[in-house]
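A quick write-up on the structure given underneath.
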Amino acid sequence: KLCEGILNILEKDTKTSCQVTCLEALRILSRDKKVLVPVTTKRNMQILMKLAKLDTVEDPLERVSEFPVIVEALKCLCNIIFNSSVAQKLSLELNLAAMLCNLLQKCKDRQLVDDIKCFDLRLLFLLSLLHTDIRAQLRQELQGVQVLTQALESSLSVRWTEEYKAAEDRDRPPLSLQETDCAIEALKALFNVTLDSWNVHSKNESHQFRYMAAILRHCLLTTGPTEEKTEELH
Numbered sequence: 001k002l003c004e005g006i007l008n009i010l011e012k013d014t015k016t017s018c019q020v021t022c023l024e025a026l027r028i029l030s031r032d033k034k035v036l037v038p039v040t041t042k043r044n045m046q047i048l049m050k051l052a053k054l055d056t057v058e059d060p061l062e063r064v065s066e067f068p069v070i071v072e073a074l075k076c077l078c079n080i081i082f083n084s085s086v087a088q089k090l091s092l093e094l095n096l097a098a099m100l101c102n103l104l105q106k107c108k109d110r111q112l113v114d115d116i117k118c119f120d121l122r123l124l125f126l127l128s129l130l131h132t133d134i135r136a137q138l139r140q141e142l143q144g145v146q147v148l149t150q151a152l153e154s155s156l157s158v159r160w161t162e163e164y165k166a167a168e169d170r171d172r173p174p175l176s177l178q179e180t181d182c183a184i185e186a187l188k189a190l191f192n193v194t195l196d197s198w199n200v201h202s203k204n205e206s207h208q209f210r211y212m213a214a215i216l217r218h219c220l221l222t223t224g225p226t227e228e229k230t231e232e233l234h
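Spelled out as structure tokens, the structure:
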């Protein structure tokens with residue numbers, strides 16, 4: 001009942017601070033599988049997707065004041081999908097993976113969106129891990145390899161000297177914590193999406209995998225903010 005009450009408030013046009021507080025409470029509650037059973041419905045998923053800006057294809061990410069709401073809504077969706085098989089099935093029905101890829105594209109060349117990007121990638125990782133149909137959809141329909149590789153390239157700030165050769169800068173400072181976390185989530189999602197890709201057929205696929213291999217090499221030469229984070233990245 002508490003979760004339902006929170007979601008009823010979130011469905012209304014409330015203040016940003018109220019939305020963030022409600023989402024933080026829901027995120028904590030959503031760690032409990034028993035609590036999730038009555039609230040994992042199509043309507044409730046759509047409420048959270050709307051708050052995460054996953055229901056709008058055209059609208060750009062412009063209002064910085066809304067970013068904390070987007071991040072918390074994505075965190076809630078991560079917990080719910082991880083803990084609920086019903087939510088995993090609803091994700092396919094609601095075309096969640098396509099909406100996440102679209103949000104990821106909106107994050108390109110934008111400032112202050114690292115947290116949004118990170119939890120978008122984490123949700124794509126969870127969907128590709130827990131639902132084989134979504135993994136196939138990402139690979140075949142949504143150009144998932146390209147989208148995730150570009151997200152990884154952006155997180156690592158790769159500069160190119162040749163088509164498949166990244167610039168090596170020995171004096172480059174370590175990645176920030178946010179950049180490292182985004183890169184790690186992109187790598188995890190890429191692993192899932194390319195898991196069954198041992199047989200590359202097309203010229204475009206060949207290009208994508210050579211491009212990805214160059215970025216992975218660059219990743220191995222990159223350091224994170226701490227030794228522990230560098231090890232996790234590698």
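Position 121 of the sequence shown, counting from 1, maps to 121 under full-length UniProt numbering, and the rest follow consecutively.
Positions of the beta carbon are idealized from the N, C-alpha and C atoms, including for glycine.
Since this is a predicted model, take the numbers as computed values, not measurements.
- The alpha-carbon separation between proline 225 and leucine 177 amounts to approximately 6 Å.
- Going by DSSP, threonine 230 is part of the alpha helix (DSSP H) stretching over 227-233.
- Secondary structure of glutamate 62 (DSSP, three-state): coil.
- In this chain, the beta strand (DSSP E) harbouring threonine 161 covers 160-162.
- Under the criterion of beta carbons closer than 8 Å, alanine 73 and leucine 51 qualify as touching, at roughly 4 Å.
- In the DSSP assignment, serine 17 falls within the alpha helix (DSSP H) that extends over 16-29.
- Closest in C-alpha terms to glutamate 66, from the list Glu93, Leu23 and Val37, comes Leu23.
- Note that the C-beta distance between lysine 117 and leucine 104 is below 8 Å.
- Taken in chain order, the unbroken stretches of beta strand (DSSP E) that lie wholly in the segment 133-199 and span 3 residues or more are 160-162.
- The segment 27-39 and the segment 11-18 do not touch, with fewer than three beta-carbon pairs separated by less than 8 Å.
- Closest option to cysteine 76, judged by alpha-carbon separation, among Ala151, Met45, Lys108 and Leu130: Met45.
- Assignment of proline 38 by DSSP, reduced to helix, strand and coil, places it in the coil class.
- Cβ contact annotation for histidine 234 (same chain, cutoff 7 Å, sequence separation greater than five): Leu220, in chain order.
- From the listed residues Glu141, Leu123 and Pro68, the smallest Cα separation to leucine 112 is found for Pro68.
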